[in-house]
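Add 213 to a position in the sequence shown, counting from 1, and you land on the number used in this note's numbering.
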Amino acid sequence: MAAVSRDIEYYDDEELDKWRGTPSDQYDDEQCALFRDVLYTMQSHEVAGWVRSLQLRGIELPDEVKDEVLLIVGERRS
Numbered sequence: 214m215a216a217v218s219r220d221i222e223y224y225d226d227e228e229l230d231k232w233r234g235t236p237s238d239q240y241d242d243e244q245c246a247l248f249r250d251v252l253y254t255m256q257s258h259e260v261a262g263w264v265r266s267l268q269l270r271g272i273e274l275p276d277e278v279k280d281e282v283l284l285i286v287g288e289r290r291s
């Protein structure tokens, strides 16, 4: 259902909006840490919705964080 929805839900992550349009390979370590902070403070069932929210907002996940997100989402689907 989240994949169909165009409504943007925020996950107490409004500070990430400043990276709208930043390519996934252009984040520094500090910026990656901010994405990880948000990721690891949410429930695992919220992660897929969070990623969808970022997509709708034009925010690319840092390359360094993508594997962690995929691992969490994959575990939820198993």
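Ideal placement from N, C-alpha and C gives every residue a C-beta, glycine not left out.
For the putative contact between Ile285 and Ser266, defined by C-beta atoms under 8 Å, what is the C-beta separation to the nearest angstrom?
-> As a first step, residue 285 is located in the sequence shown; it is residue number 72 there, counting from the start. As a first step, residue 266 is located in the sequence shown; it is residue number 53 there, counting from the start. Actually they do not touch by this definition, with Cβ atoms about 15 Å apart.
Buried versus exposed call for Asp280 [16 or more other C-beta atoms within 10 Å across all chains shown]: On the sequence shown, position 67 is the one that residue 280 refers to. The residue is exposed, with fewer than 16 neighbouring Cβ atoms inside 10 Å.
Within the segment 236-291, note down every full alpha helix (DSSP H) run reaching 4 residues or more, in order along the chain.
242-252, 260-269 and 276-290
key: Buried or exposed (CB count within 10 angstroms, at least 16 for buried), Asp225   = Translated into positions along the sequence shown, residue 225 becomes position 12. Asp225 is exposed by the Cβ-count criterion.
Considering only residues of the same chain and omitting the five flanking positions on each side of Glu222, which have a CB-CB separation below 7 Å? Locating residue 222 in the sequence shown gives position 9, counting from the first residue. Same-chain partners within the cutoff: Gly262 and Ser266.
Is it the case that the CB of His258 approaches a heavy atom of the ligand MN more closely than 7 Å? As far as ligands go, the structure on display features none, and thus does not contain the ligand MN.
State the DSSP-derived secondary structure class of Asp220, mapped to helix, strand or coil.
Numbered from 1 along the sequence shown, position 7 holds the residue referred to as residue 220. It is coil, neither helix nor strand.
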